[in-house]
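Participant:
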Amino acid sequence: MIHIRTRQTSHFTVLANRLAQRAGSAVTVGVAAYILSLPDGAPITIAALCAHFAEGKKAIAEALRELEDEGWLERRIERGPRGRIITRTFAYDLPGAVPQEPTAPQEAAPEPSPEPAVPASPTPEGAAEATPEALGLLTRLHQRDHRLLLSEREITTLAPAVTEWLDRGAPPQEITAALTDSLPARFNRRPARLLAHRLTALRPPTRTAPPPQPDRPPVVPLQNCDGCDRAFRAERPGRCLSCRTPERSHLAA
53 MIHIRTRQTS HFTVLANRLA QRAGSAVTVG VAAYILSLPD GAPITIAALC
103 AHFAEGKKAI AEALRELEDE GWLERRIERG PRGRIITRTF AYDLPGAVPQ
153 EPTAPQEAAP EPSPEPAVPA SPTPEGAAEA TPEALGLLTR LHQRDHRLLL
203 SEREITTLAP AVTEWLDRGA PPQEITAALT DSLPARFNRR PARLLAHRLT
253 ALRPPTRTAP PPQPDRPPVV PLQNCDGCDR AFRAERPGRC LSCRTPERSH
303 LAA
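Using our numbering, you'd call the opening residue of the sequence shown number 53 and step up by one each time.
1. Of all the alpha helix (DSSP H) runs that stay within the bounds of the stretch 62 to 111, which reach a length of 4 or more residues?
2. Taking Cβ positions, are Arg127 and Pro184 nearer each other than 8 Å?
3. What's the C-alpha gap between Arg282 and Ala230?
4. Quick check on the DSSP output: the beta strand (DSSP E) that includes Glu126 runs from which residue to which?
5. Could you check where the beta strand (DSSP E) with Arg140 kicks off and where it finishes?
6. Does the distance from the C-beta atom of Thr258 to that of Gly221 stay below 8 Å?
7. Does the separation of the CB atoms of Val79 and Ala115 fall below 8 Å?
8. For Ser234, count the other beta carbons within 10 Å of its own beta carbon; 16 or more makes it buried, fewer makes it exposed. Which is it?
9. Could you tell me how far apart the beta carbons of Leu210 and Leu254 are, in whole angstroms, since I believe they sit closer than 8 Å?
10. I'd like to confirm the pairing. Which residues does DSSP put opposite Gln275 in its beta bridges?
11. For the stretch 86 to 100 against the stretch 140 to 148, do three or more pairs of beta-carbon atoms, one drawn from each stretch, fall closer than 8 Å, so that the two count as touching?
12. One question on the structure: do Leu187 and Leu193 come within less than 8 Å of each other, judged by their Cβ atoms?
13. I need the DSSP call for Gln60, collapsed to helix, strand or coil.
14. Taking the continuous alpha helix (DSSP H) assigned at Ile207, which residues delimit it?
15. Looking at Leu88: is its Cβ nearer than 8 Å to the Cβ of Leu67?
16. Between which residues of its own chain and Ile207 is the CB-CB distance below 7 Å, once the five residues before and five after are set aside?
17. Reducing DSSP to helix, strand and coil, say where Gln225 ends up.
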């Protein structure tokens with residue numbers, strides 16, 4: 053093979069060899085290249101991708117799942133205007149890169165929740181429902197360790213366990229510390245598996261509020277006796293009990 057190269061100054065996309073030469077499905081590489089060529093704000097739902105490619109929903113969903121698992125894509129749940137929960141998708145030209153905040157951020161249009169690539173497992177009976185506080189806590193973990201960039205599916209899966217910690221009385225700071233302290237230097241698997249293990253193994257017992265303390269009588273302040281200068285307890289200055297007795301008053305006179 054001989055390359056015939058042309059210098060391009062616009063309308064081109066740079067792809068890492070790690071992606072372009074990725075072994076496996078050509079659909080996955082093609083979907084990744086197409087997504088990286090799109091401008092910010094473009095929709096990349098399964099329906100939008102199926103409108104561009106000839107492959108069906110199953111192949112596109114599998115390609116998105118592989119890209120998420122390998123870190124090329126990240127779906128993050130955030131709170132949008134008026135408290136609405138929205139999904140933002142981040143496309144990485146290299147997995148593991150820390151996303152940079154734009155200098156002049158614009159409110160992106162909310163992206164519909166993606167169709168599941170694989171059937172979602174049902175929530176176990178009695179498990180806590182995911183709350184916005186739990187979703188937000190998991191979304192912010194990468195601020196403590198940039199390796200903890202979780203996909204939308206991982207956040208949704210872990211959120212019920214975090215909600216259970218919150219229901220047991222654990223404050224958010226304690227949960228964040230339990231998930232991020234003393235992490236290994238290298239991850240041999242997706243960090244979500246490590247987080248799931250910690251949420252199960254370190255789950256705290258249910259904490260009950262301490263019983264209310266009985267009301268204590270007010271403490272009477274100390275006063276210095278105007279007669280003998282001894283300390284005694286009274287609401288206001290004056291003489292102590294000894295100085296107020298007739299015998300002590302007669303002797304003092």
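Quick reminder that beta carbons are idealized off the backbone N, C-alpha and C, glycines included.
Note that this is a predicted model, so its numbers are computed, not measured.
Facilitator: Short version:
1. You should have 69 to 72, 78 to 89 and 98 to 104.
2. Taking 8 Å as the Cβ cut-off, Arg127 and Pro184 do not qualify as a contacting pair.
3. Their Cα atoms are separated by approximately 57 Å.
4. Counting along the chain, the beta strand (DSSP E) containing Glu126 begins and ends at Leu125 to Arg131.
5. Counted as a single uninterrupted DSSP element, the beta strand (DSSP E) harbouring Arg140 occupies residues Ile137 to Ala143.
6. Going by C-beta atoms, Thr258 is nearer than 8 Å to Gly221.
7. It is a contact, given that the beta carbons lie within the stated cut-off.
8. By the 10 Å Cβ count, Ser234 comes out exposed.
9. With a Cβ gap of about 13 Å, Leu210 and Leu254 do not count as contacting.
10. Residue pairing by DSSP puts Gln275 in a beta bridge opposite Phe284.
11. Under the Cβ criterion (8 Å, minimum of three pairs), the stretch 86 to 100 counts as touching the stretch 140 to 148.
12. A distance of 8 Å or more separates the beta carbons of Leu187 and Leu193.
13. DSSP places Gln60 in coil when its eight states are reduced to three.
14. Its alpha helix (DSSP H) spans residues Glu204 to Asp219.
15. Contact flag set, yes.
16. Contacts found: Ile129, Leu187, Leu190 and Thr191.
17. Helix at Gln225.
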